[in-house]
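Notes for the one structure printed next.
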Amino acid sequence: MQKYTDLELQIKSVKYRLALLKYIKMANAGHTGGSLSCTDILNVLYNDVLQVTPDTFHDAHRNRYIQSKGHSVEALYVVLADMGFFPESDLETLCKYKSKYVGHPTRKVNGIEFNTGALGHGMPISAGIALAAKKDKADYKVFTLIGDGELAEGSNWEAAMMAAHYKLDNFITILDHNTLQITGHNVDVCSPHPIDEKMKAFGWHVVSIDGNNIVQLRETFSHIPEVKDKPTFVIANTVKGKGVSYMEGVKKWHHGVPTDEQYNQAVEELNVELFRLRSLIN
Amino acid sequence: MGKANLDVYSETLIELASADKNILAVTSDSRGSGKLVPFADMFPDQIIEVGIAEQNLVGVAAGLASAGKCVFATSPACFLATRSLEQIKNDVAYSNQPVTLVGISAGVSYGALGSTHHSLHDVAVLRAINNIDVVVPADNFEACEAVKAAAKSSKPVFIKFGKKIMPHLPRLEQTYEIGKASIICEGTDVVFIACGETVAPAYEAAMLLEEKGISVEVISMHTVNPLDKTAVLNAAKKCKAVITVEEHSVNGGLGEACASLLMQSGVFIPFKIVGIPDEETVAGSQNEIFGHYGITGEGLFQSAIILLE
Ligand SMILES: Cc1ncc(C[n+]2csc(CCOP(=O)(O)OP(=O)(O)O)c2C)c(N)n1
Ligand SMILES: [Mg+2]
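So the sequence lines, in the order shown, correspond to chains A and B.
For what it's worth, the working numbering labels the leading residue of the first sequence as 1, then goes sequentially.
For what it's worth, the working numbering labels the leading residue of the second sequence as 1001, then goes sequentially.
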């Protein structure tokens, strides 16, 4: 029995988007676009899949989540706050003097497994944890979230080769495929394509879904591993800046902070969506 | 006030590239943070984008240099001097390819982004690698001259730049040479040997100390390796105390380079290293971090008073 309905999770996503924008605006800093693109992924992972709570976080056999695209830390912070790891109001100190809530994940913050932010670290770390689980004959899983620009880092491919070699079917890499990085579109910067064929050739089971669709995300994560002995690569096709019309698919919002006017518009648009979703209850 | 040294880098590179088609900027999704978007617009054939892949960046830069190109490989200092260290060591330094490695947003310029984005170790690791000049310009003059000197240099150079708007500093001589320190002002009581964006607060401290009748020398040690030994020894011989200042870990940087030289030259005078201590760096903006660790005019003034007592 799942804790939340699809609709309840959809409502949560909008709330997370509102919250992360609020704290980015307060801090006057943040990686806005990439946080909005991966919000639904984090929502489904934490509320539906990981079963990691402040109570279970120190269990040796907990499921692990390593956020390789550490810059999207604002999405992670608001989800962790919602899970009860710390009071949401802590985020009022985001990026401020002496705050532990800095612009990339650190283990100083309750609920965070690894210090990340230099791209290309999540896959090797996760492969290591997944290998330890296999050695211990434990059945927990390891999830990591990477960016599509991040795919250029060679360390991803080193880990991909090794994870297949060790048959790490407890290892799931989720690609936040929003097609943008800082300079522009992946295809113009340094094309990673064809991603699916590359990963298959590296020995992975590959699925491609709408990464902003709660139903598809839940469905995908509910039967992993689908193929025994193979690590899973989820190509989550997302929209960078998802949920805010003027940010969607626009590269400058990678680390843009909205003006007061833009912020109000974003809040209004998200509130309209919240209202629409709430009207669907019953 | 001048500009950010990083802006001077990009303007100087444009100036050089408009006269020399052989100049190439190589970037790793870093043209925006490196202020190279205007460069890319003006010289689309002279910028090479390798994607977010700093190891590849440095390897490719070494290859291009070996084929006769004048290469400026540009990436945030934190990744450039860490992720690509082996490529720097083998492909650039030991293979003696005249690549200029440009570390952008160096030190704690990325302040609140946290320690993944700080580069407080770059000077230490690069000092331990033979055959690469390590250059940390203090102001716009030094930034511009360093870029021009690196373009002409026949050996590897690492230059790091911050994002802060820098004041124009005075200097005894308006000349610049990699490896030769610049004397900002002369004095006989205490000498500040500083580099990069910490020279300006050292100079502020000097002015505060002069008001108290203390005579202060300030040296911009823009080349940390090879160290200008003559400049350090001359200053230490005429002053009663030495304070080094750097936006770097106190381990392995300018301070320890000076300490080692002074000790081995038999110069034993009061000495203090001001930098980022060996602890988890406090969160905050660059200014807040500088304030926290006493890298300000007032903080350095206090350090000098205590050391002279
Ligand atoms: C090793 C490393 N190199 C460079 C960066 C700087 N950087 C931060 S985010 C980013 C772009 C990331 O693009 P992508 O992976 O597509 O992320 P998303 O679109 O999901 O934000 C870059 C280059 C970094 N954090 N780490
Ligand atoms: Mg992307």
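Backbone N, C-alpha and C fix where the C-beta goes; we use that ideal spot for every residue, glycine too.
- Of all alpha-carbon atoms in A:211, A:179, A:187 and A:129, the one lying nearest the alpha-carbon of residue 171 of chain A is that of A:129.
- DSSP, reduced to helix, strand and coil, places residue 125 of chain A within a helical segment of the structure shown.
- Using a C-beta cut-off of 8 angstroms, the region 174 to 193 of chain A makes no contact with the region 6 to 20 of chain A, since fewer than three inter-stretch Cβ pairs fall below that distance.
- 1112, 1113, 1114, 1116 and 1117: these are the residues of the region 1093 to 1120 of chain B whose beta carbon lies less than 7 angstroms from some beta carbon of chain A, given in chain order.
- Identification of chain B residues near residue 29 of chain A by a Cβ-Cβ cut-off of 9 angstroms yields 1112 and 1113, ordered along the chain.
- Of B:1144, B:1108, B:1266 and B:1216, the smallest CA-CA separation from residue 1291 of chain B is found for B:1108.
- For residue 193 of chain A, not one C-beta of chain B is nearer than 9 angstroms to its own C-beta.
- Closest in alpha carbon position to residue 1088 of chain B, among B:1052, B:1133, B:1105 and B:1047, is B:1133.
- Note on geometry: alpha-carbon atoms of residue 272 of chain A and residue 240 of chain A lie some 20 angstroms from one another.
- A distance criterion of 8 angstroms places the beta-carbon of residue 167 of chain A beyond contact range of ligand 2, judged by its closest non-hydrogen atom.
- In terms of beta-carbon proximity, residue 179 of chain A stays away from the interface with chain B, with every pair separated by 9 angstroms or more.
- Scanning its chain for C-beta atoms nearer than 6 angstroms, with the 5 sequence neighbours on each side dropped, one finds around residue 1097 of chain B the residues 1062, 1065 and 1066, in chain order.
- By the Cβ-count criterion, residue 194 of chain A is exposed, with fewer than 16 other Cβ atoms from all chains shown falling within 10 Å of its own Cβ.
- In the displayed model, residue 186 of chain A falls within a helix according to three-state DSSP.
- Residue range 1199 to 1211 is occupied by the alpha helix (DSSP H) that includes residue 1205 of chain B.
- Residue 1297 of chain B sits in a helix when the DSSP states are folded into three classes.
- Secondary structure note for residue 1217 of chain B: its beta strand (DSSP E) is the uninterrupted segment 1216 to 1220.
- For residue 65 of chain A, the enclosing beta strand (DSSP E) begins and ends at 64 to 67.
- Here DSSP, grouped into helix, strand and coil, assigns residue 1272 of chain B to strand.
- Between the alpha carbons of residue 113 of chain A and residue 64 of chain A lies a distance of about 8 angstroms.
- Relative to the Cα of residue 1289 of chain B, the nearest Cα in the group B:1276, B:1251 and B:1016 belongs to B:1276.
- Under the Cβ distance rule, residue 263 of chain A does not count among the residues neighbouring chain B, no pair being separated by less than 9 angstroms.
- Under DSSP, no beta-bridge partner is assigned to residue 1109 of chain B.
- Counting the other Cβ atoms within 10 Å of the Cβ of residue 1057 of chain B gives 16 or more, which makes it buried.
- Using a 10 angstroms sphere on the CB of residue 282 of chain A, the tally of other CB atoms stays under 16, which defines it as exposed.
- A Cβ of chain B is located within less than 9 angstroms of the beta carbon of residue 189 of chain A.
- With respect to chain B, the C-beta atom of residue 104 of chain A has a partner C-beta closer than 9 angstroms.
- From the listed residues B:1282, B:1264, B:1085 and B:1192, the smallest Cα separation to residue 1242 of chain B is found for B:1192.
- Contact with chain B is found for residue 183 of chain A, since one of that chain's Cβ atoms lies less than 9 angstroms from the residue's Cβ.
- Residue 164 of chain A and residue 18 of chain A have their C-alpha atoms roughly 39 angstroms apart.
- Under the 8 angstroms Cβ criterion, the region 1171 to 1179 of chain B does not count as touching the region 1116 to 1130 of chain B, having fewer than three qualifying pairs.
- For residue 38 of chain A, not one C-beta of chain B is nearer than 9 angstroms to its own C-beta.
- Ranked by Cα distance from residue 1198 of chain B, the first of B:1161, B:1094, B:1266 and B:1053 is B:1161.
- In this chain, the alpha helix (DSSP H) harbouring residue 40 of chain A covers 32 to 44.
- For the C-beta of residue 1029 of chain B, the chain A residues within less than 7 angstroms are, from N- to C-terminus, 149, 181, 182, 183 and 189.
- When rounded, the separation of the alpha-carbon atoms in residue 1255 of chain B and residue 258 of chain A is 42 angstroms.
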